[in-house]
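Please read the structure below before turning to the comments.
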Amino acid sequence: MITRIEATRYRCFDKLDVDLGEFRVLVGANGSGKTTLLDIPVLLGDMLKSRTIGDAFLRERDHRAPRASSFRELIFQGNGDFFILAIEAALPEQPARDLLEGMTEKARAKEGRRPTHLRYEVRLQLFNETELQVLN
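For what it's worth, the working numbering labels the leading residue of the sequence shown as 1004, then goes sequentially.
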């Protein structure tokens, strides 16, 4: 289950950090970012499936319009040259146990070092207005 969605300098969000529980109700004016928030996990999946990172944003997919017509639209207020997207998800019990078994004894003994969540974060930078690059 996805437990957190974060975005920095992405579209209408300068800084977004939403902890998710079992239920959330999204309320807001048109254009306030509700759809953008809900699209972030889908977008990350599309980025993994796309031939290039840019395709996930600029190409039509499954008969849906592209997310943007230019990369500049993706950056908060069009200023700067990067944005960051992240999601966190609770690990199911068995994969968490498997990870724990793979840890060294010293690491297992440390308090709070038990794997409970997975985090996927990507920082994308606009290059020459024509390309998105993944940064470390």
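For each residue, glycine too, the CB sits at the ideal point set by N, CA and C. Since the model is a prediction, treat every value here as computed from it, not as a measurement.
(request) Assuming proline 1158 and alanine 1089 form a contact by the criterion Cβ under 8 Å, report the distance between their Cβ atoms to the nearest whole angstrom. (result) Residue coverage of the chain in this structure runs from 1004 to 1139, which leaves residue 1158 outside it and unanswerable.
(request) Write down every uninterrupted run of the beta strand (DSSP E) in the segment 1035 to 1107 whose length is 3 residues or greater and which is fully enclosed by it, in chain order. (result) Runs of beta strand (DSSP E) with 3 or more residues, each lying fully within the segment 1035 to 1107, are found at 1085 to 1093, listed in chain order.
(message) I want to know whether the segment 1118 to 1137 touches the segment 1075 to 1085 - three or more CB-CB distances under 8 Å.
(response) Inter-segment contact for the segment 1118 to 1137 and the segment 1075 to 1085 is present: three or more beta-carbon pairs are separated by less than 8 Å.
(message) Suppose you measure from the CA of threonine 1107 to the CA of alanine 1093; what does that come to, to the nearest Å?
(response) Here the alpha carbons of alanine 1093 and threonine 1107 stand approximately 22 Å from one another.
(request) Please state if the CB of leucine 1061 and the CB of proline 1069 are separated by a distance shorter than 8 Å. (result) The answer is yes: Cβ separation under 8 Å.
(request) Enumerate in chain order the residues of its own chain whose CB-to-CB distance from tyrosine 1123 is below 7 Å, with the five nearest sequence positions on each side excluded. (result) Once the five neighbours on either side are set aside, the close Cβ partners of tyrosine 1123 are Leu1047, Ala1089 and Ile1090.
(message) Quick check on this structure: which residue in Asp1101, Thr1055, Ser1035 and Gly1031 has the alpha carbon closest to the alpha carbon of phenylalanine 1079?
(response) The shortest CA-to-CA distance from phenylalanine 1079 to any of Asp1101, Thr1055, Ser1035 and Gly1031 is the one to Ser1035.
(request) Check each candidate in Ser1073, Gly1105, Glu1096 and Arg1116 and name the one with the smallest Cα separation from leucine 1135. (result) When the alpha-carbon of leucine 1135 is set against those of Ser1073, Gly1105, Glu1096 and Arg1116, the nearest one is in Ser1073.
(message) Can you give me the C-alpha to C-alpha distance between lysine 1052 and aspartate 1022, rounded to a whole angstrom?
(response) Across the structure, lysine 1052 and aspartate 1022 are spaced so that their CA atoms are roughly 26 Å apart.
(message) Tell me which residue opens and which closes the beta strand (DSSP E) that leucine 1029 is part of.
(response) For leucine 1029, no beta strand (DSSP E) segment is defined, and its DSSP state is neither H nor E.
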